[in-house]
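Engineer: Pasting a structure here, questions to come.
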Amino acid sequence: MLLRDLDPVTARRVLHIYDGIAQASWFNRNRATEWELLKLVLRHVVQDQDEEYIQKLCTREAFERFCRSA
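If you read the sequence shown in the working numbering, its first letter stands for residue 20, the second for the next number, and so on.
Written out as structure tokens, the structure reads:
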């Protein structure tokens, strides 16, 4: 699934969630983690689900997978 395959509302939801996580100070940002984060968000976004729930779900999973090591 690609962003261009989504309806505009769902695509905006994906980008909003993605951007929120990608800008977090704990996110270990590089090309590989950005791609994996996008796939993670796409996997969880369903049109009928609450965006706040999806945001929390994706943030928790992304933190577990992509948090910078101290």
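Ideal Cβ placement from N, Cα and C applies to all residues, glycine included.
Rounding to the nearest angstrom, what Cα-Cα distance links THR52 and ILE40 in this structure?
Structural biologist: Between THR52 and ILE40, the C-alpha separation is close to 11 Å.
Engineer: Using the beta-carbon count (16 or more within 10 Å), is TYR37 buried or exposed?
Structural biologist: Flag for TYR37 reads buried.
Engineer: Candidates LEU61, TYR72, ALA43: which alpha carbon is nearest ARG23's?
Structural biologist: Among LEU61, TYR72, ALA43, the Cα nearest to that of ARG23 belongs to LEU61.
Engineer: Just tell me which of ASN47, ARG48, VAL65 has its CA closest to the CA of ARG31.
Structural biologist: Nearest C-alpha to ARG31: VAL65.
Engineer: For ILE73, I'd like the list of residues in its chain whose CB is within less than 7 Å of its CB, leaving aside the five on either flank, ordered along the chain.
Structural biologist: Closer than 7 Å at Cβ, skipping near neighbours: ILE36, HIS63, VAL64.
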